[in-house]
Amino acid sequence: MSDLLSVRDLRIGATIFPPGEDPQDIDIVHGVSFDLQKGKVLGLIGESGAGKSTIGLAALAYGRGGVRITGGQVLLDGKDILSMNKKGIRSIRGARVCYVAQSAAASFNPAHKLGDQVIESSIEHGLMTREEARKRADYLFEILGLPDPHNFGDRYPHQVSGGQLQRAMTAMALCSNPELIVFDEPTTALDVTTQIDVLAAIKNAIEKTGTAALYITHDLAVVAQISDDIMVLRNGDTIEYGPVKQIIENPRQDYTKALVNVRQTKLAEARDQSDALLKVENISAAYGNGVQVLHDVSLHVPRGQTLAVVGESGSGKSTLARVITGLLPPFEGKVTFVDEELSAEQKKRSRDHLRRIQLIYQMADTAMNPRQTVGQIIGRPLQFYFGMRGAARKAKVIELLDEIEMGETFYDRYPAELSGGQKQRVAIARALAAKPELILCDEPTSALDPLVAEGILDLLMRLQKERQVSYLFITHDIAIVRAIADSVAVMLQGKLVDFGPRSEVLNPPFDDYTDLLLKSVPEMKLGWLENVLATRKMESAGH
Amino acid sequence: MANPLAGVYAARHRLKESHPLTVLIVERLGLSLLLLWAVSVLIFAGIEALPGDFAQTYLGQSATPQSIANIRADLGLDRPITTRYFEWLGGVVQGDFGNSWASGAPVTEQITKRLGNSLFLAFFAAAISVPLAVGLGMVAVHYRNRIPDRVINILSLAAISLPEFFIGYLLIVFFAVQLGVATFPSTVYDGMPWSERMAAIALPTATLVMVVLAHMMRMTRAAIISVMSSAYMETAELKGLGAFKAIVKHAAPNAIAPIVNVVALNLAYLVVGVVVVEVVFVYPGMGQYMVDAVTVRDMPVVQACGLIFAAVYILLNMVADLVAIIANPRLRHPR
Numbered sequence: 001m002s003d004l005l006s007v008r009d010l011r012i013g014a015t016i017f018p019p020g021e022d023p024q025d026i027d028i029v030h031g032v033s034f035d036l037q038k039g040k041v042l043g044l045i046g047e048s049g050a051g052k053s054t055i056g057l058a059a060l061a062y063g064r065g066g067v068r069i070t071g072g073q074v075l076l077d078g079k080d081i082l083s084m085n086k087k088g089i090r091s092i093r094g095a096r097v098c099y100v101a102q103s104a105a106a107s108f109n110p111a112h113k114l115g116d117q118v119i120e121s122s123i124e125h126g127l128m129t130r131e132e133a134r135k136r137a138d139y140l141f142e143i144l145g146l147p148d149p150h151n152f153g154d155r156y157p158h159q160v161s162g163g164q165l166q167r168a169m170t171a172m173a174l175c176s177n178p179e180l181i182v183f184d185e186p187t188t189a190l191d192v193t194t195q196i197d198v199l200a201a202i203k204n205a206i207e208k209t210g211t212a213a214l215y216i217t218h219d220l221a222v223v224a225q226i227s228d229d230i231m232v233l234r235n236g237d238t239i240e241y242g243p244v245k246q247i248i249e250n251p252r253q254d255y256t257k258a259l260v261n262v263r264q265t266k267l268a269e270a271r272d273q274s275d276a277l278l279k280v281e282n283i284s285a286a287y288g289n290g291v292q293v294l295h296d297v298s299l300h301v302p303r304g305q306t307l308a309v310v311g312e313s314g315s316g317k318s319t320l321a322r323v324i325t326g327l328l329p330p331f332e333g334k335v336t337f338v339d340e341e342l343s344a345e346q347k348k349r350s351r352d353h354l355r356r357i358q359l360i361y362q363m364a365d366t367a368m369n370p371r372q373t374v375g376q377i378i379g380r381p382l383q384f385y386f387g388m389r390g391a392a393r394k395a396k397v398i399e400l401l402d403e404i405e406m407g408e409t410f411y412d413r414y415p416a417e418l419s420g421g422q423k424q425r426v427a428i429a430r431a432l433a434a435k436p437e438l439i440l441c442d443e444p445t446s447a448l449d450p451l452v453a454e455g456i457l458d459l460l461m462r463l464q465k466e467r468q469v470s471y472l473f474i475t476h477d478i479a480i481v482r483a484i485a486d487s488v489a490v491m492l493q494g495k496l497v498d499f500g501p502r503s504e505v506l507n508p509p510f511d512d513y514t515d516l517l518l519k520s521v522p523e524m525k526l527g528w529l530e531n532v533l534a535t536r537k538m539e540s541a542g543h
Numbered sequence: 544m545a546n547p548l549a550g551v552y553a554a555r556h557r558l559k560e561s562h563p564l565t566v567l568i569v570e571r572l573g574l575s576l577l578l579l580w581a582v583s584v585l586i587f588a589g590i591e592a593l594p595g596d597f598a599q600t601y602l603g604q605s606a607t608p609q610s611i612a613n614i615r616a617d618l619g620l621d622r623p624i625t626t627r628y629f630e631w632l633g634g635v636v637q638g639d640f641g642n643s644w645a646s647g648a649p650v651t652e653q654i655t656k657r658l659g660n661s662l663f664l665a666f667f668a669a670a671i672s673v674p675l676a677v678g679l680g681m682v683a684v685h686y687r688n689r690i691p692d693r694v695i696n697i698l699s700l701a702a703i704s705l706p707e708f709f710i711g712y713l714l715i716v717f718f719a720v721q722l723g724v725a726t727f728p729s730t731v732y733d734g735m736p737w738s739e740r741m742a743a744i745a746l747p748t749a750t751l752v753m754v755v756l757a758h759m760m761r762m763t764r765a766a767i768i769s770v771m772s773s774a775y776m777e778t779a780e781l782k783g784l785g786a787f788k789a790i791v792k793h794a795a796p797n798a799i800a801p802i803v804n805v806v807a808l809n810l811a812y813l814v815v816g817v818v819v820v821e822v823v824f825v826y827p828g829m830g831q832y833m834v835d836a837v838t839v840r841d842m843p844v845v846q847a848c849g850l851i852f853a854a855v856y857i858l859l860n861m862v863a864d865l866v867a868i869i870a871n872p873r874l875r876h877p878r
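Quick mapping for you: the protein sequence lines, in order, are chains A and B. The first sequence: position 337 = 337 (my numbering), numbered continuously. The second sequence: position 327 = 870 (my numbering), numbered continuously.
Structure follows, in structure tokens:
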């Protein structure tokens with residue numbers, strides 16, 4: 001059988017403009033080759049900077065920003081699309097090869113109706129009349145499981161949810177009956193319970209239409225559900241390439257093994273949780289617009305242990321952290337810290353109370369002053385809380401840098417010179433500098449690649465052991481909860497639906513929502529998606 | 544116990560959810576009226592605080608305390624300021640700006656004619672500058688960071704950096720004095736033949752165009768560039784759309800709001816900011832009328848001119864806001 005897409009020794013470069021230096025040409029992808037047959041799915045997996053999106057876009061002969069394809073061939077049905085002229089490339093884009101972006105919300109034009117955008121390429125390329133295209137769009141909306149498929153196209157992008165937009169974008173790609181679709185992290189921005197629906201819809205649509213696909217993601221468990229073959233990429237090189245079964249069950253390279261084994265549990269056994277460091281009692285809170293976000297939430301964080309607060313976007317978990325820090329005074333309930341009631345407003349809290357509760361944010365980038373060096377950033381709390389100056393302060397900062405496994409060489413660096421993982425480590429050191437008893441961690445690893453996130457979690461666990469510090473760890477990732485939490489709080493729409501020791505919350509009998517959440521997390525095994533969907537069908541038939 | 548204010552907030556929130564456009568338009572209208580009223584207070588108070596006095600200026604050398612007091616009594620200036628303010632405001636809402644102190648003629652009549660002249664000038668300046676600015680902005684984007692873009696940018700910067708009276712005098716020196724192809728002064732009168740009228744306003748129009756062009760052009764360029772770098776433009780390209788089609792269909796609808804905003808701001812400037820240009824070119828518009836009135840302390844005229852300028856400014860800004868709101872599909876089609 002002949003190959004639909006055949007990529008031969010693909011080389012991609014870009015020009016970067018480092019501040020204060022001359023522009024440099026760098027290589028992003030160094031000679032990648034693969035083949036894809038009609039109707040098959042190839043998963044491209046790797047961390048950020050691996051070059052996976054760049055390779056995906058090369059299948060449309062497109063380079064984002066200053067990216068250029070510098071060598072190799074991209075053969076579509078035996079013809080090299082890289083050597084085609086502009087008109088030739090245009091006739092392929094949107095007709096024979098389509099693209100589904102990570103952020104459908106940004107990729108749809110806010111000024112036009114969804115339906116018009118979905119059928120645009122089919123009409124533009126003269127593949128269908130408007131009526132035919134509309135009919136096909138209706139059909140696609142239906143098989144993608146969108147609500148009210150016949151009227152869905154009349155909506156504007158802002159009128160539908162993120163998961164629906166992602167499915168609409170898939171419909172847009174499928175509409176012109178393309179031979180190949182490039183999916184670029186189509187479910188990464190979604191909540192787990194939404195992700196599973198979109199994943200199922202995409203898989204179903206690929207099977208029904210017989211299109212081939214390149215599926216790009218950083219989540220091996222996701223790609224294992226949908227691909228026939230998997231290519232593991234790192235820094236623009238192929239690490240491993242083979243059938244999905246071999247990659248998941250019998251990885252050959254160390255890097256692939258690390259990806260498969262990511263997030264094994266880091267905890268020994270359950271600990272006694274009666275000694276509460278922080279108690280949150282009957283908290284209800286609303287923002288200025290009058291929308292209530294927390295309804296009667298009560299929980300506690302045991303001393304020297306980790307409480308994971310888990311929930312989807314909009315569940316109120318970050319708001320809970322804002323209430324605990326005093327940034328958002330609740331209109332009801334109280335927060336007790338080591339048997340003292342904390343003032344509801346941050347401004348009224350004593351400096352000692354402020355010191356004992358510290359924060360780590362999701363975006364280490366925006367939580368640091370880009371014009372301060374690492375030494376200044378970590379030294380600030382030392383000066384503020386302990387009056388440390390000069391040599392003593394510097395010595396303490398270096399000690400903290402050693403503790404986060406970075407070392408003295410970073411003392412004079414600026415945040416812009418650090419990687420994502422290093423920035424988050426600096427944020428941890430800054431929190432530690434205040435010698436806190438509780439650190440509120442607001443999704444500190446969700447913007448990081450799996451292996452980097454793993455390193456951060458290891459660090460946090462080691463620090464907890466050495467310093468007896470407690471964590472309130474906000475996350476949407478059940479795998480992290482499994483790996484690090486002593487107790488778990490599950491939130492849904494501002495309400496606490498489940499709270500208790502990890503062994504109770506994550507084992508049957510489940511609360512309904514906890515059950516749904518747990519079952520939606522992709523597992524690193526073949527056929528997981530089918531099993532979940534089959535179970536769901538049986539359950540709904542039984543009801 | 545729930546948040547006591549939650550109910551009120553929620554009611555307003557619900558209304559905003561169901562009819563966001565109506566609520567916004569009503570809000571804007573209300574705000575504009577409030578603003579206009581505040582401006583009327585400011586103008587009245589500001590003029591009251593000005594040094595100098597109409598009676599003094601009017602009588603000149605022959606002023607005696609008695610004659611000054613007589614004139615002041617005739618004009619009603621001996622009454623308290625609040626009484627005079629509300630009397631004036633009452634007339635204004637009925638379209639009566641009172642009588643000029645200097646000529647005794649009704650201000651409204653005079654101003655109608657003068658405003659017509661100013662609008663006539665502003666109209667031609669706008670008709671030339673708006674399409675030119677938007678067009679040049681698009682050309683600049685098309686040749687972004689290349690020579691045409693640079694030339695357009697430098698020339699427009701130069702034009703915006705020079706004060707308008709200086710541009711005016713430069714144009715007069717070159718075109719009227721040295722080359723002798725243009726008419727100066729630009730005085731127009733009733734019954735003036737159309738061709739002569741057009742020749743008369745050529746130079747002031749050119750000056751105004753140069754003053755407002757750069758701002759609008761640069762804003763158009765920035766708005767289009769910002770839209771061009773958005774993800775949906777990449778989507779359009781990856782659908783195989785040609786560059787021109789992508790700009791017209793996908794970029795233009797999203798660039799309208801910022802462009803309309805800056806255009807409205809500049810249109811307002813065309814009417815309000817002509818004071819200097821009218822004086823330079825001796826053009827009988829609102830601007831010159833106001834300047835003449837200020838020199839003789841003819842307060843009803845100054846007040847009327849100030850209020851009309853403010854109204855034009857507020858009106859055009861409100862229109863710009865409303866267009867921007869209407870161009871936003873989020874507000875046109877609530878969830």
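A virtual CB, placed ideally from N, CA and C, is assigned to each residue, including glycine. The structure presented is a predicted model; accordingly, all values stated were derived computationally and were not measured.
- Just the chain B side, please: which residues come within less than 8 Å of A/Phe108 by C-beta, in chain order? Tyr775, Thr778
- Query: By Cβ distance, which residues of its chain are closer than 8 Å to B/Ile611, with the 5 residues on each side in sequence left out?
  - Reply: Asp596, Ala598, Gln599, Leu602
- Query: Going along chain A in order, which residues have a C-beta closer than 9 Å to the C-beta of B/Asn797?
  - Reply: Asn109, Pro110, Ala111
- Message: Could you compute how far the alpha carbon of B/Arg571 sits from the alpha carbon of B/Ile624?
- Response: Each residue's alpha carbon lies about 31 Å from the other.
- Message: Let me see if you follow: with CB-CB separation under 8 Å, is A/Arg93 close to chain B or not?
- Response: Chain B, which has a Cβ nearer than 8 Å to the Cβ of A/Arg93, makes this yes.
- Query: Does B/Leu781 come within less than 8 Å of chain A when only Cβ atoms are used?
  - Reply: By this cut-off, B/Leu781 is an interface position.
- What residues from chain B crowd round A/Ala364, counting only those whose CB sits closer than 7 Å? The premise fails here: A/Ala364 is roughly 24 Å from chain B at the closest Cβ pair, so nothing lies under 7 Å.
- Item | Unbroken beta strand (DSSP E) run spanning A/Leu359, endpoints | 357–360 is the extent of the beta strand (DSSP E) around A/Leu359.
- Mind listing the chain B neighbours of A/Ala101? Cutoff is C-beta to C-beta under 9 Å, in chain order. Ala774, Glu777, Thr778, Leu781
- Task: Name the residue from A/Asp154, A/Ala224, A/Ala173 whose alpha carbon lies nearest to the alpha carbon of A/Met524.
- Result: A/Ala224
- Query: Using a C-beta to C-beta distance shorter than 7 Å, which residues of chain A count as neighbours of B/His793?
  - Reply: Asn109
- A/Leu140: buried (16+ other C-beta within 10 angstroms of its C-beta) or exposed? buried
- Apply the 10 Å Cβ neighbour rule to B/Met759 and answer buried if 16 or more other Cβ atoms are within range, or exposed otherwise. By the neighbour-count criterion, in which 16 or more other beta carbons inside 10 Å mark a residue as buried, B/Met759 falls on the buried side.
- Task: Please confirm whether A/Arg234 and A/Asp275 have their CB atoms less than 8 Å apart.
- Result: No. Outside cutoff.
- Query: When you compare only the Cα positions, how much space is there between A/Leu359 and A/Phe384?
  - Reply: In a straight line, the C-alpha of A/Leu359 is about 16 Å away from that of A/Phe384.
- C-beta neighbour in chain B for A/Gly455, strict 8 Å: no
- DSSP three-state assignment for A/Leu233, whether helix, strand or coil: In the structure shown, A/Leu233 falls within a strand segment according to DSSP collapsed to helix, strand and coil.
- Those runs of the beta strand (DSSP E) which lie wholly inside the segment 236–262 of chain A and span at least 3 residues: Taking only runs of at least 3 residues, the beta strand (DSSP E) segments lying wholly in the segment 236–262 of chain A are 237–243.
- Task: Give the single residue among A/Leu438, A/Glu281, A/Asn204 whose Cα lies nearest to the Cα of A/Gly39.
- Result: A/Asn204
- Message: Please tell me whether B/Arg873 has its Cβ less than 8 Å away from any Cβ of chain A.
- Response: yes
- Along chain B, which residues have their Cβ under 9 Å away from the Cβ of A/His150? In chain order: nothing, as chain B lies at least about 18 Å away.
- Message: Please give the ranges of any alpha helix (DSSP H) in the segment 462–513 of chain A, keeping only runs that are unbroken, at least 4 residues long and fully inside the region.
- Response: Counting only runs of 4 or more, we get 478–484, 502–505.
- Inspect the beta-carbon positions of A/Thr193 and A/Leu533 and report whether they are closer than 8 Å. At the C-beta level, A/Thr193 and A/Leu533 stay beyond 8 Å of one another.
- Item | Paired residues, beta bridge with B/Ile802 - DSSP | Per DSSP, none; premise fails for B/Ile802.
- Item | Min CB distance A/Arg322 to chain B below 8 Å | No, its Cβ sits nowhere closer than 8 Å to a Cβ of chain B.
- Listed by chain order, chain A residues near B/His556 by CB distance under 7 Å: The contacting residues are Asn289, Gly290.
- Item | Inter-stretch contact (C-beta, 8 Å, three-pair minimum) for the segment 791–805 of chain B and the segment 659–674 of chain B | no
- Message: Run through chain A and tell me which residues come within less than 7 Å of B/Leu784, C-beta to C-beta.
- Response: Glu124
- Message: Could you tell me which whole beta strand (DSSP E) segments of length 3 or greater appear in the segment 263–345 of chain A?
- Response: 276–286, 292–302, 306–310, 332–337
- Query: According to DSSP, what are the bridge partners of A/Lys79?
  - Reply: Its beta-bridge partners are A/Leu76.
- Query: Under a Cβ-count criterion, where at least 16 other Cβ atoms within 10 Å of its own Cβ denotes burial, should B/Ser561 be classed as buried or exposed?
  - Reply: Answer is exposed; the Cβ neighbour count stays below 16.
- Message: Please report whether the beta-carbon of A/Glu120 lies at a distance below 8 Å from any beta-carbon of chain B.
- Response: Output row for A/Glu120: interface = yes.
- Which residues, in chain order, does the segment 127–149 of chain A contribute to contact with chain B at a C-beta distance below 8 Å? none
- CB of A/Tyr414 to nearest heavy atom of the ligand NAP: below 7 Å? Ligands displayed in this structure: none; no statement on the ligand NAP is therefore possible.
- What in chain D is Cβ-close to A/Leu60, meaning under 7 Å? No chain D appears in the structure shown, which is made up of the protein chains A and B.
- Item | Euclidean distance between Cα positions of B/Val839 and B/Val822 | 16 Å
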